[in-house]
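Going line by line, the protein sequences match chains R and L.
Going by this note's numbering, the residue at position 98 of the first sequence is 98; the numbering climbs one at a time, nothing skipped.
Quick note: to get this note's numbering, add 1000 to the position in the second sequence (first position is 1).
Just so you know, even glycine gets a beta-carbon here, dropped at the ideal spot from N, CA and C.
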Amino acid sequence: NAGVTQTPKFQVLKTGQSMTLQCAQDMNHNSMYWYRQDPGMGLRLIYYSASEGTTDKGEVPNGYNVSRLNKREFSLRLESAAPSQTSVYFCASSDRNSGANVLTFGAGSRLTVL
Amino acid sequence: AQSVTQLGSHVSVSEGALVLLRCNYSSSVPPYLFWYVQYPNQGLQLLLKYTTGATLVKGINGFEAEFKKSETSFHLTKPSAHMSDAAEYFCAVSRDSASKIIFGSGTRLSIRP
């Protein structure tokens, strides 16, 4: 049982380059999330998807786009990377029907933008 | 909108001492509250949660938290700190079981021998 799988684990980009972070979960969860973690800032919600076909902005959506491709997959795209997007990105999922809304996290993706 | 404030970005206690990590929330409705822990170079895992019912919630590794509506607080405690408790701790809130989850800024817990 893999849980939440994120790829890549590490990426270095130059300013202006684009890339997509991939996330997949195998727990049949409805909701999926993308957070970024920065020192002293905690985890900040970028986008979330309550169910297949829906996405909503979180606290810091500027500079990002997302796609909920199907129930399993939720990708995060940086169209034109900026140094301010250097961060550790976490994907997470939860079962909204469980009554508890507990997140299962991926291992994280460390992105550096030069 | 829901939000959480964690007081103290860094807390240091001696091994065997009481651990107290503070979390206050803002919510227009009775919230769901969570504490997550992140050990060095790892992802986050759930310590404990409050949804409804008993206001004193017990979690893993001897941690517990009490939901106090009158104080809008959900502080995390452990009677006796262990070296293995050194980690970063995050408080989080959601409106209900299907709503987005918002995290606080985190508290790094250090344990002195």
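Short CB-CB distance (under 8 Å) between residue i and chain B
{"i": "S1110 (chain L)", "result": "Checking the listed chains, one finds no chain B in this structure; the protein chains it contains are R and L."}
Neighbour flag for residue i against chain L, beta carbons, 8 Å
{"i": "S101 (chain R)", "result": "In the sequence on display, residue 101 (chain R) carries Asn and not Ser. Taking Cβ atoms only, chain L reaches closer than 8 Å to N101 (chain R), which makes this a yes."}
{"i": "Y48 (chain R)", "result": "yes"}
{"i": "A2 (chain R)", "result": "no"}
{"i": "G40 (chain R)", "result": "yes"}
{"i": "G106 (chain R)", "result": "yes"}
{"i": "G58 (chain R)", "result": "yes"}
{"i": "L21 (chain R)", "result": "no"}
{"i": "R96 (chain R)", "result": "yes"}
{"i": "F90 (chain R)", "result": "yes"}
{"i": "L76 (chain R)", "result": "no"}
Residues of its chain near residue i, where Cβ-Cβ distance is below 6 Å and the 5 sequence neighbours each way are ignored
{"i": "S1094 (chain L)", "result": "Y1032, I1101"}
{"i": "F1103 (chain L)", "result": "F1090, A1092"}
{"i": "V74 (chain R)", "result": "Just to set this straight, residue 74 (chain R) is Phe in the shown sequence, not Val. Same-chain partners within the cutoff: C23, M32, S49, R68."}
{"i": "R44 (chain R)", "result": "R36, E59, V60"}
Outcome for residue i when other beta-carbon atoms lying within 10 angstroms are tallied against a minimum of 16
{"i": "L2 (chain R)", "result": "The sequence given here places Ala at residue 2 (chain R); Leu does not occur at that position. Classification for A2 (chain R): exposed."}
{"i": "R77 (chain R)", "result": "exposed"}
{"i": "N1061 (chain L)", "result": "exposed"}
{"i": "T1107 (chain L)", "result": "buried"}
{"i": "Y64 (chain R)", "result": "buried"}
{"i": "R36 (chain R)", "result": "buried"}
{"i": "F10 (chain R)", "result": "exposed"}
{"i": "A1001 (chain L)", "result": "exposed"}
Top-ranked residue by Cα proximity to residue i, from the options
{"i": "V88 (chain R)", "options": "R:T5, R:T112, R:N62, R:G63", "result": "R:T112"}
{"i": "A1098 (chain L)", "options": "R:S49, R:G58, R:K71", "result": "R:S49"}
{"i": "G40 (chain R)", "options": "L:Q1002, L:A1065, L:H1010, L:T1051", "result": "L:H1010"}
{"i": "T104 (chain R)", "options": "L:G1043, L:Y1039, L:Y1050", "result": "L:G1043"}
{"i": "G99 (chain R)", "options": "L:S1073, L:L1109, L:D1085, L:G1053", "result": "L:G1053"}
{"i": "Q22 (chain R)", "options": "R:G16, R:V4, R:V12", "result": "R:V4"}
{"i": "F1034 (chain L)", "options": "L:L1048, L:G1059, L:E1066", "result": "L:L1048"}
{"i": "S1084 (chain L)", "options": "L:F1063, L:S1070, L:K1058", "result": "L:F1063"}
Backbone secondary structure at residue i - three-state DSSP
{"i": "N1061 (chain L)", "result": "helix"}
{"i": "M41 (chain R)", "result": "coil"}
{"i": "D1085 (chain L)", "result": "helix"}
{"i": "K57 (chain R)", "result": "strand"}
{"i": "E1071 (chain L)", "result": "helix"}
{"i": "Q85 (chain R)", "result": "helix"}
{"i": "L111 (chain R)", "result": "strand"}
{"i": "T1052 (chain L)", "result": "coil"}
{"i": "Q6 (chain R)", "result": "strand"}
{"i": "N48 (chain R)", "result": "A small fix is needed here, since residue 48 (chain R) is Tyr in this sequence, not Asn. Correct three-state label for Y48 (chain R): strand."}
Cβ of residue i within 8 Å of any chain R Cβ
{"i": "A1098 (chain L)", "result": "yes"}
{"i": "S1027 (chain L)", "result": "no"}
{"i": "I1060 (chain L)", "result": "no"}
{"i": "T1051 (chain L)", "result": "yes"}
{"i": "G1008 (chain L)", "result": "no"}
{"i": "Y1089 (chain L)", "result": "no"}
Cβ shell of residue i (< 7 Å), same chain only, five flanking positions each side left out
{"i": "L1020 (chain L)", "result": "H1075, T1077"}
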